[in-house]
Each structure stands twice: as C-alpha cells, then as structure tokens.
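Structure follows, in structure tokens:
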C-alpha cells in the first residue's frame, strides 16, 4: 500500500500544496524590494526599514513557539486554509497601509498566520507521497524559489511602468484569500477527517545534541540568505552603483541562482552525500560573496550575487532534512523547532545589519555576513564530526 502511494507522487492536493507554499514564499520575499520604496515614501531610516523585514520573522517566531499547541487541534487542511487566509489579509493590510505602523502590522500578520502553511505542508506531503515525500519537499521548494525570484522582478517592473508596487502584493494576496476560502468551503468532512490525523503527541523526549548543531547551522544559513534578500538591493545601489530600480531587480539574480541550485542539488543528492553537497555549496557561496562584497567591478559583483544564490540554495533543504532525520521519532517536535530557527534568523540578523548600516554604512555592515559564513563553516564541521545516535541512524538509513 505504501509503495503504491509512493508511486503517485503528484496528486491535485500535492499541486495545491506547491501553489500555497509558492504564494507564501512570494510574500516572504516581497518586503525586501517593497521596503526599498517604502523607505523613500515614509522617509524611514535603515533601522525602521529593518523592522519591516523583522516583522515577518517575528510572526514566524510566534508560530514556531505556539504552533505545536495549535496545529494538532485542527484538521491539517483547515490549518492550511487558515494560513492562506492570514497570508491574504496581511498582504492586503500591507498594500493599503498608509503609515509604517500599518504596513509593519500587515507584514507581521502574514508571518504569524501565513506561516501555518510552512508548518503543516511537510506533514500533508508525507500523507500524499509517503516515502517519496522528500522529493515533494524538494520540488515544493524549487517551485517556491521561482516565486521568490518573481517577487523583486514584478515589483521593479511595475514601478518602472509607473504602476507602483502595490498591485503585485494585492494580486498574490487575493489569490491566497481565494484559495483559503475555497479550502474552508470545499474540503468535505470525510476528506478533512482523513487528513486530520494528529501530529504524534509523544513529543516529550529530548532532541539529540546533533539535532541542535544542525539547528544552529540552519539558523546561520537562513540568516545569510535573508541578509542578501533584504539588503542586497541596497548594497547593489550604494556600493555597486546601479539605479534603484535596477538594484531592486538585481536581487532576482540571487533568486535565479537559488532556483538552479535547488534543481541540480536535488539530483546531486542521488550521487553524493548531503554533507559533501553542503561543503561544495558552502565553498561556492563563499567565493560568490567575496566577489560581491569586494565590489571590484559592478559586473563581478552581480556574478558574485548569483553565485551566492547558487551555492546557498542547498542550505535550507539539505540542513533541515538532516536535522529532521537526526531527531529520530521526534519529527514533529524537530519541525517546530526548525521553524524557530527560521524566525530567529530572519528576525534578528537583518535588523542587526540595518542598525549597523545606519552607523557604518551598508558595505561595512556586510561584514556580518562574512562572519555568518565563518560560523556556518565551523558548525557544519562540528556536525560532521559528531556521530548520530543509533535511533537517528536508523531513520537516515530508511
């Protein structure tokens, strides 16, 4: 039965999950390019701009802290519907807000309720795809990366056409609201109960030490990614010398690298071990960052930006899979804690980078990213040396 279910890797429900995750990732990545314009519109400082970035992460952190208590009380598809509705409502508030307080609240709402999508989609894919669920998670993240790349392109394009950035956010928010209402209305009692199997309640054990090493690596890898996403456009404008619109769209080079990196990374995992793939990805990303940060020439800076994305693409999917595997039977607990790593990284590191930029300038502030790369290298080396516990070894072998 399990093998038959594994053969059917993509059902209509699977594609719906891919779509909802893609909308979520679009909204996750839209504050970066949008805040570049809100900064001028509201006359905001770097620090206040950073609060926009961190508001989404604060919402993610709230869900990471309390989601484990909320999610098991509802059918999984209803949780997904709640996430879609929260994403849509928050997006509308952000788009129509006329002050920093309102736009920040809208972004926080997207992060807080919209992140239910991120929290529950692996469990639903496990139901739909069985043993092939890692393939589904990889595919979902690859498709979502396309939407992450579309976000700055669409915002920059609409601004260039004098339409403004708001229609881009309204369009995606409307799609999320439509899917959310549709799920609430159309999911039947029988299909809801079929997918309402509770996340295992036996989550009282302690997560192994190796998990927490991967958790730290996950936080550092995500921090690198979002320091580039949120402040990359400003660096390209101020240091590499491009116009604001071109700088905003240049972040799509990073996203393009992410898409290509995740596509080929999922295939390389069939031939090399996850740790070897991570090592190669890390070296490539560090080399790209050296080109980008040095600013030797504008062209080399953009090449470096692309290479950071190409290498960094594999940080999240590979590290999170290693972390979950290292947790043995405590997968649900490990997944909730992984969401905390995401929220912590996005909440604090871009904010710190923005505060330092106000005082020292964006170029010197990017030394924080260099430090993150160094710490990530040490953490992965540490994880590679620490042997997994027997139960976790069995999980990985499966």
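Residue numbers (the numbering used here): 1281 to 1678. Built from N, CA and C at the ideal position, the CB exists for glycine as well. This structure is a prediction, so every number in the text was calculated from the model and none was measured.
By the Cβ neighbour-count rule, residue 1330 is buried, with 16 or more other Cβ atoms within 10 Å of its own.
Excluding sequence positions up to five before and after residue 1557, its CB lies within less than 7 angstroms of the CB of 1545, 1548, 1549, 1594 and 1598, all in the same chain and listed in chain order.
Contact annotation: the segment 1438-1451 does not touch the segment 1531-1545, with fewer than three C-beta pairs closer than 8 angstroms. With at least 16 other beta carbons inside 10 angstroms of its own, residue 1495 counts as buried. No beta strand (DSSP E) of 3 residues or more sits fully in the segment 1436-1466. Shown here for residue 1583: same chain residues with a beta carbon closer than 7 angstroms to its own, the five before and five after excluded, namely 1571 in chain order.
In the structure shown, the three-state DSSP call for residue 1594 is coil. In the DSSP annotation of this structure, the continuous segment of the alpha helix (DSSP H) that includes residue 1529 starts and ends at 1524-1548. Each of 1290, 1373 and 1351 was checked against the Cα of residue 1363, and the nearest Cα belongs to 1351. If you ignore the 5 residues before and after residue 1431, its C-beta comes within less than 7 angstroms of the C-beta of 1306, 1309, 1310 and 1313, all in its own chain and listed in chain order. The C-beta distance from residue 1604 to residue 1614 rounds to 5 angstroms, short enough to meet the 8 angstroms contact threshold. Contact annotation: residue 1516 and residue 1569 have beta-carbon atoms that are not nearer than 8 angstroms. The straight-line gap separating the alpha-carbon atoms of residue 1528 and residue 1333 is approximately 15 angstroms.
By the CB criterion at 8 angstroms, residue 1554 and residue 1602 fall inside the cutoff. One alpha carbon belongs to residue 1487, the other to residue 1493, and they sit about 11 angstroms apart. 1403 is the residue among 1349, 1344, 1368 and 1403 whose C-alpha sits nearest the C-alpha of residue 1357.
The beta carbons of residue 1383 and residue 1434 sit no closer together than 8 angstroms. Residue 1590 places its beta carbon less than 8 angstroms from that of residue 1541. According to the DSSP assignment, residue 1382 belongs to the alpha helix (DSSP H) that extends over 1380-1409.
Scanning its chain for C-beta atoms nearer than 6 angstroms, with the 5 sequence neighbours on each side dropped, one finds around residue 1365 the residues 1460, in chain order.
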